[in-house]
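Letter by letter, the sequence shown follows residues 1 to 179 in this note's numbering. Glycine is no exception: its CB is placed at the ideal position from the N, C-alpha and C atoms. Comments concern the structure below.
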Amino acid sequence: GDIKRAIRLQYGNQPIEAIKEWDEILAQVPEYADGYFRRAQNYVLLTENQRYLEEYRGYMQSALADLNQAIALNPNHGNYLLGRSNVYEALAGLEDLSRANRDVLFQAALNDLERSLVLGNTEGGSPRVVPVYKATLGRCEEALKETQQLQNTWGDAREYPAYMQYALSLSYLCKGELN
């Protein structure tokens, strides 16, 4: 396998071919954490073209397995944790889950997201998701407080981005203060 080719395939929106390339690379160098991370990214890319729920779930489970391996090899990489947080969130959004299972996945997503923020990651907007996860988990006061802190750093209320309005609405809905 060739790392440059695998990356080119990924950025060329050819995730199936990229996954095959990563398979070869990881067979040769199974301790290459970034290889698992990048193969996981390609599995996530495949979810954009899934045809049915089980296919989507399978791609996400494959991505999760690769992210778990990447984190096992390098537990202090913020992007790996952020990637796993995103997969947990996607899995939590599946319609056939019980509330308890959904909450377990959202809590895992929140834990990884918060740890990725401490370690640092390349997604600058990721702090905005924290209050959304907290409101989803019923931690209404925390969600509202963190959303208000984000607002204070933003400034003019007329220019709040949509995600901030969403987090604020979700926080008030969580508290039962929004119909």
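Review point. Taking ASN86 as the reference, which of CYS140, GLU95, LEU53 and LEU105 has the closest Cα?
Key: Indexing the sequence shown from 1 puts residue 86 at position 86. When each option's Cα is compared against that of ASN86, the closest is LEU105.
Review point. So, GLY35 versus VAL44, is the Cβ gap smaller than 8 Å?
Key: By 1-based counting over the sequence shown, the position of residue 35 is 35. By 1-based counting over the sequence shown, the position of residue 44 is 44. No, these two residues do not count as a Cβ contact at 8 Å.
Review point. Got a sec? Which residues, its chain only, sit under 8 Å from LEU110 by beta carbon, not counting five neighbours each side?
Key: Your numbering for residue 110 matches position 110 in the sequence shown. Excluding sequence positions up to five before and after LEU110, its CB lies within less than 8 Å of the CB of SER85, VAL130, TYR133, LYS134 and LEU137, all in the same chain and listed in chain order.
Check your understanding: If you check the beta carbons only, do LEU119 and GLY83 fall under 8 Å apart?
Key -> The residue you call residue 119 lines up with position 119 of the sequence shown. The residue you call residue 83 lines up with position 83 of the sequence shown. For the pair LEU119 and GLY83, the CB atoms are not nearer than the 8 Å cut-off.
Review point. How big is the Cα-Cα spacing for ALA33 and ASN74?
Key: For the purposes of this step, residue 33 is identified with residue 33 of the sequence shown, where counting begins at 1. For the purposes of this step, residue 74 is identified with residue 74 of the sequence shown, where counting begins at 1. Near 6 Å, if we compare the C-alpha coordinates of ASN74 and ALA33.
Point to revise | Per-residue DSSP class, three states only, for SER98 | key: Here residue 98 corresponds to residue number 98 of the sequence shown, with the count starting at 1. In the structure shown, SER98 adopts coil according to DSSP, grouped into three states.
Check your understanding: First and last residue of the alpha helix (DSSP H) that includes SER171?
Key -> Position 171 of the sequence shown, counted from the first residue, corresponds to residue 171. Annotation: the continuous alpha helix (DSSP H) that includes SER171 extends over 162 to 175.
**Study point:** Element boundaries [alpha helix (DSSP H), containing PRO131]
**Key:** On the sequence shown, residue 131 is found 131 positions in, with the first residue counted as 1. Secondary structure note for PRO131: its alpha helix (DSSP H) is the uninterrupted segment 129 to 136.
Practice item. To the nearest angstrom, report how far apart ASP2 and ILE25 are at their CA atoms. Key: Position 2 of the sequence shown holds residue 2. Position 25 of the sequence shown holds residue 25. The straight-line gap separating the alpha-carbon atoms of ASP2 and ILE25 is approximately 7 Å.
Point to revise | Coarse secondary structure for ARG115, derived from DSSP in three states | key: Taking the first residue of the sequence shown as 1, we reach residue 115 at position 115. Here ARG115 sits in helix by DSSP.
Point to revise | Under 8 Å between C-beta atoms of LEU94 and ARG57 | key: Along the sequence shown, read from residue 1 onward, the residue named residue 94 stands at position 94. Along the sequence shown, read from residue 1 onward, the residue named residue 57 stands at position 57. Yes, these two residues count as a Cβ contact at 8 Å.
Check your understanding: Taking all protein chains shown into account, do 16 or more other C-beta atoms lie within 10 angstroms of the C-beta of TYR88, making it buried, or fewer, making it exposed?
Key -> Within the sequence shown, numbered from 1, the residue matching residue 88 stands at position 88. The residue is buried, with at least 16 neighbouring Cβ atoms inside 10 Å.
Point to revise | Assigned exposure category for ILE16 - 16 Cβ within 10 Å defines buried | key: By 1-based counting over the sequence shown, the position of residue 16 is 16. With fewer than 16 other Cβ atoms within 10 Å, it is exposed.
**Study point:** For TYR43, three-class secondary structure by DSSP
**Key:** Position 43 of the sequence shown, counted from the first residue, corresponds to residue 43. Under the three-state reduction of DSSP output, TYR43 falls in the helix class.
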